[in-house]
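To start, the structure itself, in structure tokens.
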Amino acid sequence: MIHNVLLVKKTDGEVVTRTRFWRIDFTESDIQDFIIGYRDVLNTEGLAPDTPVFVGTHKIFHGDVDDDMILMFVTDGRDEDRTIKTKVRKGAKEISTARRGNSIGYIRDNLEDILGDLIFTRFKVSFVGSGGVGKSTLLRLLFGKEPAPGGYTPTINVAVDSSETVQFGTFLITLWDFAGQAVFQDLWEFYFSGTDVIFLICDSSFRNVMQTKTLLRNIRKEAPGVPLYIIANKQDLPESMRADKIQRLLGASTFPMIAVDKERRLQFIRFMLEVTTKTVGVELPDRPVSEMITVRRETEPEHEPPGPDKKKDQKDPKTTTDKTSDEKEEDIPDVPTKILQLLFIVQNQNMYEISIHLNYTQEEVDPSSITSLINALDMFKGMGDEGLDPSKQTDALKTIEHDGKAGNHTWVEKTDHFILAAIVDSKRDEDEIRVIMRALLSEAESRFEQELNTRNESEPLDISMFEPLVFEILTHYPLRKLGLNYLVRTREVGKPLPFDNREVGHAVVAVKSAIDGTTTVGGLVRSLDLPREKVMGALQIMEKYGWIDFKVDIGPDSVLLKIAEPDPEIGDIYGPVMLELINRCDGKTALKDIVKQLKISLPPVIFVVTKLVLDGVLEVVA
């Protein structure tokens with residue numbers, strides 16, 4: 056078990072940065088003893104240079120980072136040598152790569168992110184059960200929150216708490232709350248992918264225990280090899296069955312629980328950790344729960360290639376400075392408008408509800424602020440225009456030009472039943488973007504004309520029925536451009552998908568099931584019995600939420616073609632020479648020849664060019 060990770064200087068053992076995952080001390084004296092042992096290993100003939108060093112009860116695996124540092128994985132000695140040696144060797148290479156163009160401060164601040172899965176074991180726990188049995192309440196208890204006010208609210212696919220993670224030493228335990236309603240069970244095969252443990256929750260009533268027995272049978276069919284435990288919730292109610300009786304009836308280990316009782320929190324956490332450690336074969340330390348876990352919000356941004364630290368005179372993107380209109384115009388580079396957020400909104404009983412939200416950035420946003428603003432503006436639209444000719448009246452929905460950040464604008468198009476809102480970074484290309492927005496709304500009105508005209512106005516709409524429009528939207532405004540030669544790779548665990556529609560779910564499951572490790576985007580398009588836009592859309596959605604990633608092979612002989620303007624920040628990060636390289640990608644010249652002309656090194660260029668290909672700036676021609 057890795058309990059401390061350190062990056063130290065070779066000369067004297069000075070600590071550059073360190074992280075302690077368990078409350079096990081590795082002191083300054085221990086570091087100096089390690090340096091002595093490390094030098095002995097290097098000077099002893101016949102010993103491999105990566106031979107572990109023992110200091111007291113600690114077994115230290117090490118790897119050289121360039122010529123001046125050592126990466127240390129301090130363990131309790133129970134791990135297999137080959138496994139930890141491989142991890143520390145890869146970790147040293149990752150740090151060496153990250154140092155290119157970055158200060159040591161970058162390494163110090165981002166060590167855990169750089170090492171990632173080399174030190175962390177990701178563990179997925181799924182909470183499943185019928186509606187109203189207390190899954191979400193149980194998660195709120197786990198995270199130290201009060202039960203949600205207002206009684207039971209059905210979970211839609213997965214709960215909001217699924218974005219939080221319990222850090223247990225070097226384990227990151229992600230908790231998912233699954234909807235038990237039958238309509239969502241079609242997606243279970245997809246969501247159970249990568250699950251390590253399933254907690255099946257019942258409310259301990261005889262009726263629900265019988266329902267849970269049916270759920271248990273279905274889960275065993277979808278995830279036959281996954282350990283499963285029953286949580287017998289609501290044990291405080293007079294009609295509840297005892298946990299031991301439920302265990303005999305269902306044939307699975309059962310834990311009694313009262314999710315609204317705060318006193319049960321630590322008891323349940325310890326039970327969950329015992330299950331986790333039992334599953335992976337790690338002994339649970341005899342320590343208080345508060346010393347063993349950390350509840351943290353899981354952000355997991357896309358891994359960006361390392362670049363130089365921000366220049367001192369470079370302004371933080373979150374800060375703004377007032378400028379005159381002339382100055383603003385001079386600062387705007389000649390690049391296309393970027394769509395930052397896109398919201399497809401449905402008018403539902405005189406209110407606006409978001410059916411589809413596409414986030415084209417890495418930032419977490421609250422889309423409800425947009426709908427609140429639209430509701431307010433629509434309520435007061437045309438105020439003061441009552442006496443004007445209708446052609447001169449203004450629609451407030453078309454005049455929003457601020458979404459909380461300077462320089463961003465919100466463009467809104469509206470039809471009888473729908474609104475499409477686009478948050479963009481500039482006013483360029485407005486006419487072209489609005490034309491496509493109007494076309495998408497017209498398509499939506501036409502596709503759902505019958506359902507909208509025959510519905511009962513007194514009943515709310517099921518807005519998930521409009522979610523298949525996401526494929527049409529992504530055809531015009533892709534989350535990323537995809538090349539047919541991109542290799543598609545599945546990842547172990549992703550984030551919940553914000554869709555409840557069966558058509559969307561079936562498309563995603565069909566595409567993911569067809570990925571076998573050697574699949575290309577083009578291969579999926581050709582082999583699947585799905586429209587091209589559904590395959591491409593499903594791939595974009597799965598990548599956005601971490602279920603897949605893409606790989607493209609770039610070599611010295613690769614021939615590249617510039618197909619889009621790069622982000623202006625490319626020049627700031629990698630220097631003007633990279634912008635020149637992009638401009639020289641003419642679809643005829645090999646990469647090695649362009650590099651030779653510019654007199655720069657090939658390996659780091661391949662690293663950046665790969666990102667530019669995946670970002671849709673360059674295309675591999677040959």
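Residues 56 to 677 (this note's numbering) make up the sequence shown, in order.
Just so it is clear, CB atoms sit at the ideal spot from N, CA and C, and this is done for glycine as well.
Bear in mind that the values here come from a model prediction, so they are computed numbers and not experimental data.
Item to complete: Return yes when the Cβ of G601 is within less than 8 Å of the Cβ of G549, no when it is not.
Response: Against a cut-off of 8 Å, the Cβ pair of G601 and G549 comes out as a contact.
Worksheet item: Just checking my contact of N414 with Q402 at CB under 8 Å: how many whole Å lie between their CB atoms?
Response: Contact between N414 and Q402 does not hold, since the beta-carbon distance rounds to 22 Å and is not under 8 Å.
Discussion item. So, for A314: in the same chain, excluding its five sequence neighbours on each side, which residues have a beta-carbon less than 6 Å away from its beta-carbon?
Written reply: Excluding sequence neighbours, A314 sits near G189, T192, L193, L196 and N288.
Worksheet entry | Contact under 8 Å by Cβ, W20 with K179 | With the chain covering only 56 through 677, there is no way to say anything about residue 20.
Discussion item. If contacts are defined as beta-carbon pairs under 8 Å, then L634 and I625 qualify, I think. What distance do you get, rounded to the angstrom?
Written reply: Yes, L634 and I625 are in contact; Cβ-Cβ is about 6 Å, under 8 Å.
Discussion item. What would DSSP say about F326, mapped onto helix, strand or coil?
Written reply: In the structure shown, F326 sits in a helix (DSSP, three-state: H, G or I).
Worksheet item: Residues in its own chain within less than 7 Å of L496 by CB, not counting five upstream and five downstream?
Response: The residues are E468, T470, F473 and L475.
Worksheet item: What do you reckon, are the CB atoms on R137 and D105 nearer than 8 Å?
Response: Note that the C-beta distance between R137 and D105 is not below 8 Å.
Item to complete: Report the three-state DSSP secondary structure of R319 (helix, strand or coil).
Response: It is helical.
Worksheet item: With C-beta atoms as the reference, is L673 less than 8 Å away from I637?
Response: Contact flag set, yes.
Worksheet item: Taking R73 as the reference, which of T575, V63 and D67 has the closest Cα?
Response: With distances taken between CA atoms, R73 lies nearest to V63 out of T575, V63 and D67.
Worksheet item: Is M312 near R320, with beta carbons less than 8 Å apart?
Response: In this structure, M312 keeps its C-beta atom at 8 Å or more from the C-beta atom of R320.
Discussion item. Among the candidates I174, F128, V580 and F182, whose CA atom is the shortest distance from the CA of I274?
Written reply: Here the closest residue by C-alpha is F182.
Item to complete: Look at the alpha carbon of A619 and the alpha carbon of R639, and state the distance between them as a whole number of angstroms.
Response: So the two alpha carbons sit approximately 13 Å from each other.
Item to complete: Compare the C-alpha of S513 against each of Q404, N463, R546 and T573 and name the closest.
Response: Ranking the options by Cα distance to S513, first place goes to Q404.
Worksheet item: Whole-angstrom Cβ separation of D114 and G92, contact assumed at under 8 Å?
Response: A quick correction: the sequence has Lys, not Asp, at residue 114. Going by Cβ atoms, the distance from K114 to G92 rounds to 11 Å, so no, they are not a contact pair.
Worksheet item: Between the C-alpha atoms of K140 and V281, what's the straight-line distance to the nearest angstrom?
Response: Approximately 29 Å, taken between the alpha carbons.
Discussion item. For L669, which residues in the same chain have their Cβ closer than 8 Å to its Cβ, ignoring the five residues on either side in sequence?
Written reply: For L669, where only same-chain residues beyond five positions count, the Cβ hits under 8 Å are R535, Y541, F605 and V607.
Worksheet item: How about F254 and L328: are their beta carbons less than 8 Å apart?
Response: Going by C-beta atoms, F254 is not nearer than 8 Å to L328.
Worksheet item: Taking buried to mean at least 16 other C-beta atoms within 10 Å of its own C-beta, is D641 buried or exposed?
Response: Counting the other Cβ atoms within 10 Å of the Cβ of D641 gives fewer than 16, which makes it exposed.
Practice prompt. Out of P293, D291 and Y284, state which residue places its alpha-carbon closest to the alpha-carbon of Q302.
Written response: That would be Y284, whose Cα lies nearest to the Cα of Q302.
Practice prompt. Report all residues from its chain with a CB closer than 7 Å to the CB of D119; omit the five preceding and five following residues, and keep chain order.
Written response: Answer for D119: I125 and A147, listed in chain order.
Practice prompt. Output yes if chain D places a C-beta closer than 8 Å to the C-beta of I313; else output no.
Written response: The structure shown contains no chain D, having only a single protein chain.
Fill in: Any alpha helix (DSSP H) of 4 or more consecutive residues that is wholly inside the segment 517-572
For the segment 517-572, whole alpha helix (DSSP H) runs of length 4 or above, ordered along the chain, are 524-531 and 557-568.
Item to complete: Can you tell me which of the three DSSP states Y629 falls into?
Response: It is helical.
Discussion item. Give me the DSSP bridge partner(s) of K393.
Written reply: None; K393 has no bridge partner.
Discussion item. At 3 residues or longer, what runs of the beta strand (DSSP E) sit wholly inside the segment 88-128?
Written reply: Segments of the beta strand (DSSP E) lying fully in the segment 88-128: 108-110 and 113-120.
Worksheet item: To the nearest whole angstrom, what separates the beta carbons of G171 and D258, a pair I think is in contact under 8 Å?
Response: The Cβ separation is near 39 Å, so there is no contact.
Practice prompt. Tell me whether the beta-carbon of D121 lies closer than 8 Å to the beta-carbon of R154.
Written response: Closer than 8 Å, so yes.
Practice prompt. Kindly identify the DSSP beta-bridge partner or partners of D475.
Written response: It is worth fixing the name first, because residue 475 is Leu in this sequence and not Asp. Answer is F399 and E468, bridged to L475.
Worksheet item: Quick one: Cα of V663 to Cα of F128, how far?
Response: The alpha-carbon atoms of V663 and F128 are separated by roughly 30 Å.
Discussion item. Rounding to the nearest angstrom, what Cα-Cα distance links E167 and E504 in this structure?
Written reply: Their backbone Cα atoms lie some 52 Å apart in a straight line.
Worksheet item: Alpha carbon to alpha carbon, what distance is there between V564 and E408?
Response: Those two C-alpha atoms are separated by around 26 Å.
Discussion item. Please list the terminal residues of the continuous alpha helix (DSSP H) segment that includes K606.
Written reply: Premise fails: K606 lies in the beta strand (DSSP E), I603 to K606, not in any alpha helix (DSSP H).
Fill in: Cβ-based neighbour list, D480, same chain, cut-off 7 Å, excluding 5 preceding and 5 following
Hits under 7 Å: T392, K393, L395, G462 and N463.
Discussion item. If you reduce the DSSP assignment to three classes, tell me which class M597 lands in.
Written reply: The three-state secondary structure of M597, taken from DSSP, is helix.
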